[in-house]
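Peer 1: My structure is below; once you've seen it, I'll send some questions.
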Amino acid sequence: MPKLSSRLQVPGLGFLAGAVALVSCAPASQAQRQADASVERGRRLVGQFACGSCHQIPGVLGADGTVGPPLRGLARRSAIAGLLDNTPENLTSFIRLPQSVVKGGVMPDMGLTEAEAADAAAYLLSRS
Amino acid sequence: MADQGDTRGEHRRRRLADGAACYLAGVVTVIALGLAIVATGAFDVSASAPHIRVVGWALRTTMVNSVKARAEPLPLEAPLDPAQVRAGFRIYDRECAPCHGGPGVPRDRWVSGLIPTPPYLIDASRRWTPGELFWIVRHGVKMTAMPAWCVQRSDAELKSVTAFLVALPALTPEAYARLRAAEAAPPAAEAPPPSSC
Numbered sequence: 017m018p019k020l021s022s023r024l025q026v027p028g029l030g031f032l033a034g035a036v037a038l039v040s041c042a043p044a045s046q047a048q049r050q051a052d053a054s055v056e057r058g059r060r061l062v063g064q065f066a067c068g069s070c071h072q073i074p075g076v077l078g079a080d081g082t083v084g085p086p087l088r089g090l091a092r093r094s095a096i097a098g099l100l101d102n103t104p105e106n107l108t109s110f111i112r113l114p115q116s117v118v119k120g121g122v123m124p125d126m127g128l129t130e131a132e133a134a135d136a137a138a139y140l141l142s143r144s
Numbered sequence: 012m013a014d015q016g017d018t019r020g021e022h023r024r025r026r027l028a029d030g031a032a033c034y035l036a037g038v039v040t041v042i043a044l045g046l047a048i049v050a051t052g053a054f055d056v057s058a059s060a061p062h063i064r065v066v067g068w069a070l071r072t073t074m075v076n077s078v079k080a081r082a083e084p085l086p087l088e089a090p091l092d093p094a095q096v097r098a099g100f101r102i103y104d105r106e107c108a109p110c111h112g113g114p115g116v117p118r119d120r121w122v123s124g125l126i127p128t129p130p131y132l133i134d135a136s137r138r139w140t141p142g143e144l145f146w147i148v149r150h151g152v153k154m155t156a157m158p159a160w161c162v163q164r165s166d167a168e169l170k171s172v173t174a175f176l177v178a179l180p181a182l183t184p185e186a187y188a189r190l191r192a193a194e195a196a197p198p199a200a201e202a203p204p205p206s207s208c
């Protein structure tokens with residue numbers, strides 16, 4: 017008898033776990049995949065647009081610039097450029113057009129598209 | 012006793028032979044792997060994807076150490092000659108800024124398609140000595156887009172560019188824009204011959 021019940025329980029539990037995983041994770045993993053892809057594109061853009069020549073950025077080779085603020089722990093900051101609330105949307109606008117936030121600042125408008133700026137923001141906010 | 016000594020000697024010789032064989036096998040493997048990468052096209056030369064991390068590190072570190080090993084000191088003392096800095100600015104703004112930008116001035120967008128991508132140089136003189144900057148500008152860097160400017164410019168001109176780089180950390184975007192406005196008129200003087208290094 018104990019043998020039979022354990023035989024029944026194991027696939028039963030497995031099925032239950034599988035069902036729970038499917039219901040709870042399927043939509044989340046889709047969103048997660050998109051977020052991961054955005055972060056990955058952002059990592060590449062941060063390298064291509066040479067952000068590291070002015071900023072220290074953890075995880076980016078040679079990113080040891082001393083012109084702008086270090087970007088470690090950006091997600092924990094309360095303000096961007098000391099002026100804007102630190103939200104992904106504000107960070108995206110700042111990366112795309114910093115001169116419209118800090119007119120005459122050292123950081124130039126580098127010609128990133130809205131989507132590129134959003135990816136770069138996603139990457140920078142993902143760094144601990 | 013003599014018998015035992017012989018055995019020991021033979022044992023040592025055999026260990027030495029084994030070690031040499033092992034070493035040789037290692038060297039042959041490394042050469043074979045290298046040739047395989049060269050011959051099969053396994054290495055991705057596209058500039059649309061970044062280097063894998065270890066390759067990026069190796070290339071960058073090689074460049075930094077190569078420059079530091081070769082550059083000679085260049086005396087550029089604290090009160091820089093303003094005329095020299097302005098002469099350097101004229102060359103920088105026309106020939107360097109498209110790839111390296113400036114204070115408040117972006118690089119051309121296509122430059123983001125280069126690997127390695129040319130850095131902004133605003134604090135370059137805090138990472139490199141004047142001698143090292145002069146060396147890089149004069150000789151360029153292999154396997155990057157940085158040319159040897161000695162082909163185009165005299166040493167005096169390249170020293171002016173170096174002086175401008177030394178002045179750059181203290182130059183505000185407004186000051187850079189003022190220099191641009193002041194130098195809008197094309198220079199009349201004929202350029203000296205290149206240094207042909």
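Sequence lines, in order, name chains A and B.
Heads up: the first sequence begins at 17 in my numbering, then just goes up one per residue.
Heads up: the second sequence begins at 12 in my numbering, then just goes up one per residue.
Think of the CB as a built atom: it goes at the ideal place given N, C-alpha and C, for glycine as much as any other residue.
Taking Leu179 (chain B) and Leu132 (chain B) to be in contact with their CB atoms under 8 Å, please state how far apart those CB atoms are, rounded to whole angstroms.
Peer 2: Working through the second sequence from its first residue, we reach residue 179 (chain B) at position 168. Working through the second sequence from its first residue, we reach residue 132 (chain B) at position 121. So it is a contact: roughly 6 Å between Cβ atoms.
Peer 1: Give a yes or no on contact between the segment 132-142 of chain A and the segment 100-108 of chain A, applying the rule of three or more CB pairs nearer than 8 Å.
Peer 2: At 8 Å Cβ cutoff, the stretches touch.
Peer 1: Please list the partners that Arg60 (chain A) has in chain B, where partner means a Cβ-to-Cβ separation under 7 Å.
Peer 2: Within the first sequence, numbered from 1, the residue matching residue 60 (chain A) stands at position 44. Result: Pro61.
Peer 1: For my contact list, Arg64 (chain B) and Leu77 (chain A) are in at a C-beta cut-off of 8 Å; report their separation, rounded to the angstrom.
Peer 2: In the second sequence, counting from the first residue as 1, residue 64 (chain B) sits at position 53. In the first sequence, counting from the first residue as 1, residue 77 (chain A) sits at position 61. Confirmed, Cβ separation roughly 7 Å.
Peer 1: Residues of the segment 116-139 of chain B in Cβ contact with chain A at a cutoff of 9 Å, in chain order, please.
Peer 2: Within the segment 116-139 of chain B, the qualifying residues are Val116, Pro117, Arg118, Asp119, Arg120, Val122, Ser123, Gly124, Leu125, Ile126, Pro127, Thr128, Pro129, Pro130, Tyr131, Leu132, Ile133, Asp134, Ala135, Arg137, Arg138.
Peer 1: Do Ala136 (chain A) and Gly58 (chain A) have their C-beta atoms closer together than 8 Å?
Peer 2: Taking the first sequence and counting its residues from 1, one reaches residue 136 (chain A) at position 120. Taking the first sequence and counting its residues from 1, one reaches residue 58 (chain A) at position 42. Yes, the pair counts as a contact, with Cβ atoms nearer than the cut-off.
Peer 1: Could you give the first and the last residue of the continuous alpha helix (DSSP H) run that contains His111 (chain B)?
Peer 2: Here residue 111 (chain B) is taken as the residue at index 100 of the second sequence, counted from 1. Unbroken alpha helix (DSSP H) run through His111 (chain B): 108-111.
Peer 1: Could you give the C-beta distance for Cys107 (chain B) and Val122 (chain B), rounded to a whole number, given that I count them as a contact under 8 Å?
Peer 2: Counting from one through the second sequence, the residue named residue 107 (chain B) turns up at place 96. Counting from one through the second sequence, the residue named residue 122 (chain B) turns up at place 111. In fact, because the Cβ distance is near 11 Å, the residues do not count as touching under 8 Å.
Peer 1: If you measure from the beta carbon of Phe110 (chain A) to each beta carbon in chain B, is any gap under 8 Å?
Peer 2: For the purposes of this step, residue 110 (chain A) is taken as the residue at position 94 of the first sequence. Judged by the 8 Å Cβ criterion, Phe110 (chain A) is not in contact with chain B.
Peer 1: Return the CA-CA distance between Ala47 (chain B) and Ala53 (chain B), expressed in angstroms with no decimal places.
Peer 2: Along the second sequence, one-based indexing puts residue 47 (chain B) at 36. Along the second sequence, one-based indexing puts residue 53 (chain B) at 42. Spanning the two alpha carbons is a distance of roughly 8 Å.
Peer 1: Taking C-alpha atoms, which residue in A:Gln48, A:Phe110, A:Arg92 lies nearest to Leu100 (chain A)?
Peer 2: Taking the first sequence and counting its residues from 1, the one referred to as residue 100 (chain A) is at position 84. It is A:Phe110.
Peer 1: Taking 8 Å as the threshold (C-beta atoms), are Ala98 (chain B) and Ser171 (chain B) in contact?
Peer 2: By 1-based counting over the second sequence, the position of residue 171 (chain B) is 160. By 1-based counting over the second sequence, the position of residue 98 (chain B) is 87. Yes, the pair counts as a contact, with Cβ atoms nearer than the cut-off.
Peer 1: Looking only at C-alpha atoms, which of B:Leu169, B:Thr140, B:Pro158 sits nearest to Ile102 (chain B)?
Peer 2: Working through the second sequence from its first residue, we reach residue 102 (chain B) at position 91. Ranking B:Leu169, B:Thr140, B:Pro158 by Cα distance to Ile102 (chain B) puts B:Leu169 first.
Peer 1: Which bits of chain A does Pro114 (chain B) rub up against, with CB to CB less than 7 Å?
Peer 2: As a working mapping, residue 114 (chain B) is identified with position 103 in the second sequence. Val122, listed in chain order.
Peer 1: Please classify Gln95 (chain B) as buried or exposed, where buried requires at least 16 other C-beta atoms within 10 Å of its C-beta.
Peer 2: Locating residue 95 (chain B) in the second sequence gives position 84, where the first residue counts as 1. Buried: at least 16 other Cβ atoms inside 10 Å.
Peer 1: Judging by CA-CA distance, which residue of B:Pro130, B:Gly151, B:Pro205 is the nearest neighbour of Asp166 (chain B)?
Peer 2: Numbered from its first residue, the second sequence carries residue 166 (chain B) at position 155. The residue with the shortest Cα to Cα distance from Asp166 (chain B) is B:Pro205.
Peer 1: Drop a sphere of 10 angstroms on the beta-carbon of Pro93 (chain B), count the other beta-carbons inside from all chains shown, and report buried for 16 or more, exposed for fewer.
Peer 2: Position 82 of the second sequence, counted from the start, is the residue given in the question as residue 93 (chain B). Its Cβ having fewer than 16 others within 10 Å, Pro93 (chain B) is exposed.
Peer 1: With a cut-off of 8 Å on the beta carbons, I'd call Gly127 (chain A) and Pro117 (chain B) a contact; round off their distance for me.
Peer 2: What you label residue 127 (chain A) is simply residue 111 of the first sequence in a count that begins at 1. What you label residue 117 (chain B) is simply residue 106 of the second sequence in a count that begins at 1. With a Cβ gap of about 6 Å, Gly127 (chain A) and Pro117 (chain B) count as contacting.
Peer 1: Is Ala97 (chain A) near the ligand HEM, going by C-beta to nearest heavy atom under 7 Å?
Peer 2: Of ligands this structure carries none, so the ligand HEM is not represented either.
Peer 1: May I ask you to report which of helix, strand or coil DSSP gives Leu140 (chain A)?
Peer 2: Within the first sequence, numbered from 1, the residue matching residue 140 (chain A) stands at position 124. Leu140 (chain A): helix per DSSP, three-state reduction.
Peer 1: Check Leu100 (chain A) in the structure and name its three-state DSSP category.
Peer 2: Position 84 of the first sequence, counting from 1, holds the residue named residue 100 (chain A). Leu100 (chain A) falls in the strand class under three-state DSSP.
Peer 1: Taking 7 Å as the limit between beta carbons, can you name the residues of its chain near Cys33 (chain B), skipping five residues before and five after?
Peer 2: Mapped onto the second sequence, residue 33 (chain B) falls at position 22. Excluding positions up to five away in sequence, the list is empty.
Peer 1: Closest Cβ-Cβ distance between Glu185 (chain B) and chain A: below 8 Å?
Peer 2: Here residue 185 (chain B) corresponds to residue number 174 of the second sequence, with the count starting at 1. So yes, Glu185 (chain B) belongs to the interface.
Peer 1: For chain E, check one thing: does any of its Cβ atoms lie closer than 8 Å to the Cβ of Asp125 (chain A)?
Peer 2: Among the protein chains of the structure shown, namely A and B, there is no chain E.
Peer 1: Could you tell me the alpha carbon to alpha carbon distance between Ala193 (chain B) and Ala186 (chain B), rounded to whole angstroms?
Peer 2: Within the second sequence, numbered from 1, the residue matching residue 193 (chain B) stands at position 182. Within the second sequence, numbered from 1, the residue matching residue 186 (chain B) stands at position 175. Cα to Cα, the separation comes out at about 10 Å.
Peer 1: Would you mind telling me which residues of chain B sit closer than 7 Å to Val83 (chain A), beta carbon to beta carbon, in chain order?
Peer 2: Counted from its first residue, the first sequence places residue 83 (chain A) at position 67. By Cβ distance, chain B contributes Ile133, Asp134.
Peer 1: Using a Cβ-Cβ cutoff of less than 7 Å, which residues in the same chain neighbour Gly75 (chain A) once the five nearest sequence positions on both sides are dropped?
Peer 2: If you number the first sequence from 1, residue 75 (chain A) lands on position 59. Only Arg143 meet the Cβ criterion.
Peer 1: In chain order, which continuous runs of the beta strand (DSSP E) of length 3 or greater are located wholly inside the segment 69-101 of chain B?
Peer 2: Counting whole runs of 3 or more residues, the segment 69-101 of chain B contains no beta strand (DSSP E) stretch at all.
Peer 1: Give the DSSP-derived three-state secondary structure of Ala195 (chain B) in the structure shown.
Peer 2: Taking the second sequence and counting its residues from 1, one reaches residue 195 (chain B) at position 184. Looking at Ala195 (chain B) - three-state DSSP - the assignment turns out to be coil, as it is neither helix nor strand.
Peer 1: Using a Cβ-Cβ cut-off of less than 7 Å, list which residues of the segment 62-78 of chain A approach chain B; keep chain order.
Peer 2: Within the segment 62-78 of chain A, the residues whose Cβ lies closer than 7 Å to some Cβ of chain B are Gly63, Gln64, Phe65, Ala66, Ser69, Cys70, Leu77, Gly78, listed in chain order.
Peer 1: Going along the chain, which residues of the segment 68-79 of chain B sit with their C-beta nearer than 8 Å to a C-beta in chain A?
Peer 2: The residues in question are Trp68, Arg71.
Peer 1: Any idea what DSSP makes of Ala80 (chain A), helix, strand or coil?
Peer 2: Translated into positions along the first sequence, residue 80 (chain A) becomes position 64. The displayed chain sequence assigns Asp, not Ala, to residue 80 (chain A). Looking at Asp80 (chain A) - three-state DSSP - the assignment turns out to be strand.
Peer 1: Within a Cβ cutoff of 6 Å, which residues of the same chain sit near Arg112 (chain A), ignoring the five residues on either side of it in sequence?
Peer 2: For the purposes of this step, residue 112 (chain A) is taken as the residue at position 96 of the first sequence. Hits under 6 Å: Leu128, Ala133.
Peer 1: May I ask which residues mark the beginning and end of the alpha helix (DSSP H) holding Arg105 (chain B)?
Peer 2: As a first step, residue 105 (chain B) must be located in the second sequence, where it is residue number 94. First-last for Arg105 (chain B): undefined, no H or E at that position.
Peer 1: Specify, as a first and last residue, the run of the alpha helix (DSSP H) that Phe175 (chain B) falls within.
Peer 2: Numbered from 1 along the second sequence, position 164 holds the residue referred to as residue 175 (chain B). From DSSP, the alpha helix (DSSP H) with Phe175 (chain B) extends over 166-178.
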